[in-house]
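>
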Amino acid sequence: MWGSKLGLSSIRPFRLFNSFPFFLFLSVISLHTFGQSDPGEIHGNLNVDAQYYNEDSTIGATVPPEQMGINAWGNVIYTRGKFSAGLRFESYEPSMLGYPAGQPYSGTGIGYRYVSYKVDELEVTLGNFFEQFGSGMIFRAYEERGLGVDNAMDGVRLRYNAGKGLYLKGAVGRQRFGFEDGFTKGPGIVRAIDAELSMNELFPSLADNGKNITLGGSFVSKFQEDKDPLLVLPENVGSFAGRARYTNAKWNIFAEYAHKINDPNVQNDFIYKDGQGMVLQANYSIKGFAFGLGAHTYDNMSFQSDRAAPTGFDLNVNFLPPLTLPHTYNLPATLYPYATQPNGEVGFQGDLVYKFKKKSKLGGKYGTTIAINYASVFSLDSTAIPNDENLDGYKTNFFSPGDQMYFQDFNIKLHKKFKNKSELVLTYINMVYDIDVIQGKPGDPVIFADFAIVDYSIPLKKRHNLRIELQHLWTKQDKGNWITGLAEYTISPGWFFSILNQFNYGGPVDTKQINYPLGSVGYTKGGNRIQVNYGRQRAGIFCVGGVCRQVPAANGLSVSITSTF
Amino acid sequence: MRIFFSLFAFVFTLSISAQTVPSAIVQTIEGKKVDSKTFDNDGKPFIINFWATWCAPCKRELNNISDVYEDWQEETGVKLIAVSLDDSRSAARVAPYVNGQDWDYEVYIDINADFKRMMNVNNPPQTFLVDGNGKIVYQHVGYAPGDEEELYEEIKKLLE
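Sequence lines, in order, name chains V and A.
Under our numbering, read the first sequence as residues 328 to 892, first letter to last.
Under our numbering, read the second sequence as residues 88 to 247, first letter to last.
(1) At a Cβ threshold of 8 Å, is Ala-231 of chain A touching chain V?
(2) Rounded to whole angstroms, what's the CA-CA distance from Ala-388 of chain V to Arg-472 of chain V? Just pull it up for me.
(3) With a Cβ-Cβ cutoff of 8 Å, do Pro-650 of chain V and Ala-702 of chain V count as a contact?
(4) Along chain V, which residues have their Cβ under 7 Å away from the Cβ of Trp-159 of chain A?
(5) Which first and last residues belong to the alpha helix (DSSP H) in which Arg-572 of chain V is found?
(6) By alpha-carbon positions, which one of V:Phe-410, V:Thr-435 and V:Arg-501 ends up nearest to Glu-458 of chain V?
(7) Within 10 Å of its beta-carbon, does Phe-202 of chain A have 16 or more other beta-carbons around it, so buried, or fewer, so exposed?
(8) In angstroms with no decimal places, state the Cα-to-Cα distance between Leu-751 of chain V and Val-644 of chain V.
(9) Check the C-beta distance from Pro-366 of chain V over to Arg-176 of chain A and give it rounded, since I have them as a contact under 8 Å.
(10) Within 10 angstroms of its Cβ, does Thr-385 of chain V collect 16 or more other Cβ (buried), or is it exposed?
(11) Compare the C-alpha of Val-673 of chain V against each of V:Lys-686, V:Ala-622, V:Tyr-681 and V:Ala-636 and name the closest.
(12) Suppose contacts are defined by Cβ-Cβ distances below 8 Å. Is Lys-218 of chain A in contact with His-227 of chain A by that definition?
(13) If I follow the unbroken alpha helix (DSSP H) through Asn-186 of chain A, where does it start and stop?
(14) Compare the C-beta of Leu-678 of chain V with all C-beta atoms of chain A and state if any pair is closer than 8 Å.
(15) State the DSSP-derived secondary structure class of Cys-145 of chain A, mapped to helix, strand or coil.
(16) Answer with buried or exposed for Phe-705 of chain V, where buried requires no fewer than 16 other C-beta atoms within 10 angstroms of its C-beta.
(17) Quick one: Cα of Pro-392 of chain V to Cα of Ala-399 of chain V, how far?
(18) Nearest chain V C-beta to Glu-117 of chain A closer than 8 Å, yes or no?
(19) First and last residue of the beta strand (DSSP E) that includes Val-886 of chain V?
(20) Let me see if you follow: with CB-CB separation under 8 Å, is Asn-209 of chain A close to chain V or not?
(21) Beta-carbon separation of Ser-629 of chain V and Ile-465 of chain V under 8 Å?
(22) Locate the beta strand (DSSP E) running through Lys-722 of chain V, then write down its first and last residues.
(23) Who are the Cβ neighbours of Ile-134 of chain A in its own chain at under 6 Å, not counting the five residues just before and after it?
(24) Determine contact between the stretch 764 to 776 of chain V and the stretch 804 to 824 of chain V, defined as no fewer than three beta-carbon pairs at a distance below 8 Å.
(25) Would you list the residues sitting across from Trp-400 of chain V in a DSSP beta bridge?
(26) Taking 8 Å as the threshold (C-beta atoms), are Thr-817 of chain V and Gln-798 of chain V in contact?
(27) Taking the runs of the beta strand (DSSP E) that are 3 residues or longer, which of them lie wholly in the stretch 830 to 866 of chain V?
(28) Who are the neighbours of Arg-790 of chain V on chain A, taking C-beta pairs under 9 Å?
(29) Taking the alpha carbon of Val-764 of chain V as the reference point, which residue from V:Phe-830, V:Lys-788, V:Asn-828 and V:Ala-666 has its own alpha carbon closest?
(30) If you draw a straight line from the alpha carbon of Gly-130 of chain A to that of Val-680 of chain V, how long is it in whole angstroms?
(31) Just verifying my parser: in three-state terms, what is the DSSP assignment at Glu-448 of chain V?
(32) For Ala-636 of chain V, which residues in the same chain have their Cβ closer than 6 Å to its Cβ, ignoring the five residues on either side in sequence?
(33) Using a Cβ-Cβ cut-off of less than 7 Å, give me the residues of the stretch 214 to 226 of chain A that come near chain V, in sequence order.
(34) Assuming Ala-498 of chain V contacts Ala-479 of chain V (C-beta within less than 8 Å), just tell me the rounded distance between them.
(35) With 8 Å as the C-beta to C-beta threshold (strictly closer), list the residues of the stretch 180 to 196 of chain A near chain V in chain order.
(36) Consult DSSP for Val-165 of chain A and reduce its assignment to one of helix, strand or coil.
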């Protein structure tokens, strides 16, 4: 009955979209709903960001010919029993300045579509999917829509729960590249398999002791034709990884090693050296106290399904997690965030969290939390190979840090909630930041920066709250000092008002003492939210999960709408 | 364009009655795989909250609820399921944070964002209230202090 209502027979998805899964999406839905009492469920969401640009030469803000930019997407997911299908429409007419991180997105069309079905313990997905093995060092297809990072696979995926704690996954496909009235794909084929064994499902006695050991192994390869007239390039590049996790009530210990066979590509300057990486993490936590240690090394681990990919954001087969703390306050988060150096780095970090108990002397009514974090990242200890006839590039000792420090961050945060329910968060950050290496600004000196941040939130009356943020950055390098002030007034559950000003002073050019005021109003109802901003937005780096994109300075009106249904 | 309209027509003709929690695999902090479809609270309502260790308003919300959580549980039997959207970069920080803050929530990590996609979450924090029959009856996006009071009123409505 649904089919006849829609006249599905007159639609020709093949010709319109040249896409098999989309056709399947409609036909399977019509089959499944036809004449059955359970129509299934539709879920979806919508996200629209739009900006109208003003010219502002003081901050270097430019206006595109269209005067505005809009990024919009909406997902529709249909589920019925063990069946699910979904698609996402996307529209960039044109995309906002500085978006996306990699290949341009333009036009309107379908950016993602899939069908999926479960038969007992087997799950089959056809079309687009996201997947990750272990920490992602050899395989992670994922999306960060806000950044415009999307390396979704398009192909087929199987997930199988073999029982007794054994989980198997397999995937084959090509990756999303850019967007031109629909997503475009890269030239390389990615093939990936993974097995994970949970020992306490295999040996229930372990579970009784509250312990668990998980072992995992994966193999990933890519195929890309060799059209190079000079070099003999490997058309199939394989990589493998092994991992282990041990947990009990207090400890959580994880280790993963990855190895990649020779993969000459643009990112590594076409060297034939194998790549390798290792991630180590250990955490201990009990109520009110936790500490964690982490270390990793990445050596020649850039892995893209096109060896000539135009940027480091495109067609990544893997993901190299940074181990530095992602800051949440505006100045440290958007001026000097760290991004992994896939060609080589060695990093270390440590965390400590302690909560003074409620009703203790230092804890007060609600408890007081202190958190300390330290991270440092270095170059690889490597030496170039003289007369490098095999194009191996360099030699390095495993897990050995070099002399050059890329990044260091020491930060301490104190969080206290008072009797009147007001809250105070004090943060101090000391940072060393090699902007030449991290942001690719050759010749710029290493930045030594200190940040102090006061964040105070106070309820004024029932459901009315005022939050004030003061941030200061001291540095003699880059653009000099910054001061940021924010006042945010909320009326629960609906309204949100804020005024933000950022002021840059003490830089090398005295005349450039620039203010960046920005006002915002937002309204939320249920799963819907609208926010309107007007003012100057500072050029900066917008990061999610350790991947960052440059956002240019802008002046004007912006609107952001999100909705979930 | 015709197919777009057909699709929209299709979406709206389907009865969008009460929604249930869809199926996706999430992990416990210990690494055990759990199907979100099996989330329940013995016939009592429960909350699903999406958060992340890098999300300041998320932590503010869960810390504020934590201060009243004992009272909520005593009075209504409600349970809060906190689903972390931390990826492999920060997933290792989840257990230390949760324990460091002394939270009593049921915590999962949605490392591949499968559950986030199935629940159509745009940005955290986002909160869903599920009634005793497994139907999603209320949701809220973002956090402002006081939002937890509205959530609690919604929970109490379910028990009337």
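Quick reminder that beta carbons are idealized off the backbone N, C-alpha and C, glycines included.
On a predicted model such as this, the values are computed, not experimentally measured, just so you know.
This is what the structure holds:
(1) For the purposes of this step, residue 231 of chain A is identified with residue 144 of the second sequence, where counting begins at 1. By this cut-off, Ala-231 of chain A is an interface position.
(2) By 1-based counting over the first sequence, the position of residue 388 of chain V is 61. By 1-based counting over the first sequence, the position of residue 472 of chain V is 145. Taking the straight line from one Cα to the other gives about 24 Å.
(3) For the purposes of this step, residue 650 of chain V is identified with residue 323 of the first sequence, where counting begins at 1. For the purposes of this step, residue 702 of chain V is identified with residue 375 of the first sequence, where counting begins at 1. The sequence shown places Leu at residue 650 of chain V, rather than the Pro named in the question. Taking 8 Å as the Cβ cut-off, Leu-650 of chain V and Ala-702 of chain V qualify as a contacting pair.
(4) Here residue 159 of chain A is taken as the residue at index 72 of the second sequence, counted from 1. None at all; the shortest Cβ gap to chain V is about 16 Å.
(5) As a first step, residue 572 of chain V must be located in the first sequence, where it is residue number 245. Here Arg-572 of chain V belongs to no alpha helix (DSSP H); instead the beta strand (DSSP E) covers 563 to 574.
(6) Counting from 1 along the first sequence, the entry for residue 458 of chain V is found at position 131. The shortest C-alpha separation from Glu-458 of chain V is found at V:Arg-501.
(7) Here residue 202 of chain A refers to the residue found at position 115 of the second sequence. By the 10 Å Cβ count, Phe-202 of chain A comes out buried.
(8) The residue given as residue 751 of chain V occupies position 424 in the first sequence. The residue given as residue 644 of chain V occupies position 317 in the first sequence. Going by the C-alpha atoms only, they are around 42 Å apart.
(9) Reading the first sequence from its first residue, position 39 is the one you call residue 366 of chain V. Reading the second sequence from its first residue, position 89 is the one you call residue 176 of chain A. 40 Å between Cβ atoms; not a contact.
(10) Position 58 of the first sequence holds residue 385 of chain V. By the neighbour-count rule (16 or more Cβ atoms within 10 Å), Thr-385 of chain V is not buried but exposed.
(11) If you number the first sequence from 1, residue 673 of chain V lands on position 346. Minimum Cα distance to Val-673 of chain V is reached at V:Ala-622.
(12) Working through the second sequence from its first residue, we reach residue 218 of chain A at position 131. Working through the second sequence from its first residue, we reach residue 227 of chain A at position 140. Checking the displayed sequence, the identity of residue 218 of chain A turns out to be Asp instead of Lys. No, they are not a contact pair.
(13) On the second sequence, residue 186 of chain A is found 99 positions in, with the first residue counted as 1. Element bounds for Asn-186 of chain A: 181 to 187.
(14) Taking the first residue of the first sequence as 1, we reach residue 678 of chain V at position 351. Residue identity differs from the one stated: residue 678 of chain V is Asp in this sequence, not Leu. Interface residue, yes.
(15) Taking the second sequence and counting its residues from 1, one reaches residue 145 of chain A at position 58. In the three-state reduction of the DSSP assignment, Cys-145 of chain A falls in the helix class, which pools H, G and I.
(16) Position 378 of the first sequence, counted from the start, is the residue given in the question as residue 705 of chain V. Buried, by the Cβ-count rule.
(17) Along the first sequence, one-based indexing puts residue 392 of chain V at 65. Along the first sequence, one-based indexing puts residue 399 of chain V at 72. The straight-line gap from Cα to Cα measures roughly 19 Å.
(18) In the second sequence, residue 117 of chain A corresponds to position 30, counting from 1. It does: the Cβ of Glu-117 of chain A has a partner Cβ on chain V nearer than 8 Å.
(19) Within the first sequence, residue 886 of chain V is the residue found at index 559, counting from 1. First-last of the beta strand (DSSP E) with Val-886 of chain V: 881 to 891.
(20) Counting from one through the second sequence, the residue named residue 209 of chain A turns up at place 122. Yes, contact with chain V.
(21) In the first sequence, residue 629 of chain V corresponds to position 302, counting from 1. In the first sequence, residue 465 of chain V corresponds to position 138, counting from 1. No, these two residues do not count as a Cβ contact at 8 Å.
(22) Position 395 of the first sequence, counting from 1, holds the residue named residue 722 of chain V. 721 to 744 is the span of the beta strand (DSSP E), which, as asked, contains Lys-722 of chain V.
(23) Residue numbering aside, residue 134 of chain A sits at position 47 when the second sequence is read from its first letter. Excluding sequence neighbours, Ile-134 of chain A sits near Leu-167 and Leu-216.
(24) yes
(25) As a position in the first sequence, residue 400 of chain V is number 73, starting the count at 1. Answer is V:Asn-374 and V:Glu-417.
(26) Reading the first sequence from its first residue, position 471 is the one you call residue 798 of chain V. Reading the first sequence from its first residue, position 490 is the one you call residue 817 of chain V. No, the Cβ-Cβ distance between Gln-798 of chain V and Thr-817 of chain V is not below 8 Å.
(27) Segments of the beta strand (DSSP E) lying fully in the stretch 830 to 866 of chain V: 841 to 852 and 855 to 864.
(28) If you number the first sequence from 1, residue 790 of chain V lands on position 463. In chain order: Ala-231, Pro-232, Gly-233, Asp-234, Glu-236 and Glu-237.
(29) Against the first sequence, residue 764 of chain V aligns to sequence position 437. Looking at the Cα atoms, V:Ala-666 is the closest of the given residues.
(30) Here the question's residue 130 of chain A lines up with position 43 in the second sequence. Here the question's residue 680 of chain V lines up with position 353 in the first sequence. Near 36 Å, if we compare the C-alpha coordinates of Val-680 of chain V and Gly-130 of chain A.
(31) By 1-based counting over the first sequence, the position of residue 448 of chain V is 121. Glu-448 of chain V falls in the coil class under three-state DSSP.
(32) If you number the first sequence from 1, residue 636 of chain V lands on position 309. Its chain contains Leu-642 as the residues whose beta carbon lies nearer than 6 Å to that of Ala-636 of chain V, once the 5 sequence neighbours on both sides are disregarded; these appear in chain order.
(33) When CB distances to chain V are screened at a threshold of 7 Å, the residues of the stretch 214 to 226 of chain A falling below it are Gln-226, in chain order.
(34) In the first sequence, counting from the first residue as 1, residue 498 of chain V sits at position 171. In the first sequence, counting from the first residue as 1, residue 479 of chain V sits at position 152. Contact between Ala-498 of chain V and Ala-479 of chain V does not hold, since their C-beta atoms are separated by about 11 Å, which reaches or exceeds 8 Å.
(35) Arg-180, Ala-182, Pro-183, Tyr-184, Val-185, Asn-186, Gly-187, Gln-188 and Asp-189
(36) Here residue 165 of chain A is taken as the residue at index 78 of the second sequence, counted from 1. Reduced to three states, the DSSP call for Val-165 of chain A is coil.
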